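Chains as they are written, first to last, in the UniProt record's numbering: chain Y, 1 to 105; chain R, 1 to 99.
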């Protein structure tokens with residue numbers, strides 16, 4: 001139901017969108033979003049396992065648990081960085097035909 | 001980096017993902033508290049001990065989730081700043097700031 005002569009009008013928002021949507025850009029953004037939120041959930045899960053014993057004497061986080069969580073998240077980020085670096089190094093050593101694709105400079 | 005049309009599409013994707021993720025969060029929390037708290041099958045009804053445990057488990061996990069979110073946001077921002085600085089120091093431009 002678009003009357004734009006450019007073809008392909010947007011269905012949402014009333015503004016006259018004459019810009020082309022680069023599908024690859026959107027896909028890249030979506031991938032990045034997936035990666036970040038996936039990392040977040042993994043951190044929540046892992047740090048819960050490591051820091052919170054399933055005893056439930058109370059509903060609040062005690063000081064020990066809070067500190068553990070802070071350190072756990074910080075360490076997870078460190079690991080994230082280190083693994084990324086290690087993979088990148090392996091990728092460079094292996095050359096173009098490396099086992100892992102896509103981790104460019 | 002993204003034009004308006006792309007931003008709009010990305011925003012829609014984010015909203016849909018947020019809804020899906022909330023539902024996953026909800027069902028995940030239920031399973032977690034069930035596994036951690038419910039071990040008495042001598043009756044169908046929850047014992048008062050189990051009920052209390054469920055309440056505390058929910059509270060605790062929500063607070064944990066919140067705290068991780070705070071730390072995650074801080075560290076993520078730090079990381080992005082570091083990456084930006086690293087990128088800026090790469091090209092040897094005349095406008096480079098060195099301190």
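Using N, Cα and C, we set each Cβ at its ideal position, and we do this for glycine too.
Being a predicted model, the structure only gives us computed values, none of them experimental.
Amino acids of chain R, ordered along the chain, whose beta-carbon sits closer than 8 Å to that of residue i
i: residue 31 of chain Y; result: Neighbours of residue 31 of chain Y on chain R: none; closest Cβ ~11 Å, over 8 Å.
i: residue 83 of chain Y; result: None at all; the shortest Cβ gap to chain R is about 14 Å.
Assigned secondary structure, residue i (DSSP; H/G/I helix, E/B strand, else coil)
i: residue 22 of chain Y; result: coil
i: residue 3 of chain R; result: coil
i: residue 40 of chain R; result: coil
i: residue 89 of chain R; result: coil
i: residue 59 of chain Y; result: coil
i: residue 52 of chain Y; result: coil
i: residue 87 of chain Y; result: helix
i: residue 29 of chain Y; result: helix
i: residue 45 of chain R; result: coil
i: residue 95 of chain Y; result: coil
Chain-ordered chain Y contacts of residue i [CB-CB under 7 Å]
i: residue 50 of chain R; result: None at all; the shortest Cβ gap to chain Y is about 10 Å.
i: residue 83 of chain R; result: Per Cβ cutoff of 7 Å: no residues; residue 83 of chain R is ~10 Å from chain Y at best.
Amino acids of chain R, ordered along the chain, whose beta-carbon sits closer than 7 Å to that of residue i
i: residue 19 of chain Y; result: 3, 4, 5
i: residue 59 of chain Y; result: 55, 56, 59, 60
i: residue 70 of chain Y; result: 71
i: residue 79 of chain Y; result: None at all; the shortest Cβ gap to chain R is about 12 Å.
Chain Y contact residues for residue i, given Cβ-Cβ distances below 8 Å
i: residue 65 of chain R; result: 44
i: residue 13 of chain R; result: 26, 29, 30, 33
Proximal residues to residue i (C-beta, below 6 Å), its chain only, five neighbours per side dropped
i: residue 99 of chain R; result: Here residue 99 of chain R scores only 42 on pLDDT, less than 50, and its place in the model is too uncertain to base an answer on.
Cβ-Cβ distance between residue i and residue j below 8 Å
i: residue 70 of chain Y; j: residue 71 of chain R; result: yes
i: residue 72 of chain Y; j: residue 55 of chain Y; result: no
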